[in-house]
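When the letters of the sequence shown are read in order and numbered with mature numbering (1 follows the signal peptide of the UniProt record, and there is no 0), they come out as residues -22 to -1, 1 to 221.
Don't be surprised by glycine CBs; every beta carbon is placed ideally from N, CA and C.
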Amino acid sequence: MLNKVTLLVITVLLLTGYPVQADNLQQLEKYQNELENVQEQLLIYQNNELNEQMKQEMIQLNKRVSELKGYVKAYEIAQTNIFIKQQLVKLDPNAKLFFPASTTRITSYFDNNRKHPITGENKAHIGIDIAMPGNQYIYAAENGKVIDVYKEYDGRMNGYGDAIMLQHQIDIDGDGQKEVVTTFYAHLMPNTTQVTEGDVVDRGELIAQMGTSGISTGQHLHFEVHIGNWSKQNAVDPMLFLN
């Protein structure tokens, strides 16, 4: 017969719930670990004489196994789709700029009158936000030079947290003439910046890791494109040049 400890473990497993979607590797590992534990408990049931209550609990465990398998499969499909989208964007011969993050999940677009998620005020969002939990990496959008590197508390780019500014010479408008284009990468994870002021970088080169430094509601990259030197007045929609 099953002992009280085993029944307690089973009860905890039945009551434990996770979010419906596995959107990062840590969540996936939780699902996989729970799936393994539930399957082990089912084996214990199968090798014991069951009363009516145990039979009902076994039914619930079987349902949970089906759910967990579905979550794991959905995660695998989602990751495959994300990978395909990344490659399509990054290998697009018509893209002026390399996609600047290891995920293509965009959560906020360029908007001249966006409601700020923290302050609630309407103000221009002069870039795009790219967000995904877990280890996400930031890449240089084009060959260029590091103009500046910022720290969260250095008092120069308040709110943007750790950030990097690059400058490029690109024919951004297709008229055959190269012009100064500045790209800006903000809310980086502290102590992950791979470049210093004056460095020369290549298109697609790793420059930092995604974080949530500065004024931020969660881990993401705020990415800006400016025609000329950095100024809030000359920001343009990055999506015009990414794909």
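Please confirm whether residue i and residue j have their CB atoms less than 8 Å apart.
{"i": "Val43", "j": "Leu6", "result": "no"}
{"i": "Glu130", "j": "Gly182", "result": "no"}
{"i": "Val173", "j": "Ile125", "result": "no"}
{"i": "Phe77", "j": "Gly105", "result": "no"}
{"i": "His165", "j": "His204", "result": "no"}
{"i": "Ile185", "j": "Tyr163", "result": "yes"}
{"i": "Met36", "j": "Leu28", "result": "yes"}
Is DSSP giving residue i helix, strand or coil here?
{"i": "Val16", "result": "helix"}
{"i": "Tyr87", "result": "coil"}
{"i": "Lys156", "result": "coil"}
{"i": "Val43", "result": "helix"}
{"i": "Leu166", "result": "strand"}
{"i": "Val214", "result": "strand"}
{"i": "Ala(-1)", "result": "Confidence at Ala(-1) is low in this model, with a pLDDT of 42, below 50, so its placement is unreliable and the value that follows should be read with caution. The answer is coil: DSSP assigns Ala(-1) none of H, G, I, E or B."}
Exposed or buried, residue i, counting other C-beta atoms within 10 Å across all chains shown (16 or more means buried)?
{"i": "Tyr9", "result": "buried"}
{"i": "Asp107", "result": "buried"}
{"i": "Met188", "result": "buried"}
Per DSSP, residue i is paired with what?
{"i": "Thr161", "result": "Leu144, Val203"}
{"i": "Tyr128", "result": "Ala141"}
{"i": "Lys123", "result": "Gln145, Val178"}
{"i": "Tyr117", "result": "Leu184"}
{"i": "Ile108", "result": "Ile84, Leu199"}
{"i": "Gly192", "result": "Paired residue(s): none; Gly192 is not in a bridge."}
- Message: Using 8 Å as the cut-off, can you tell me whether the region 13 to 24 makes contact with the region 125 to 144, which would need three or more C-beta pairs spanning the two stretches below that distance?
- Response: no
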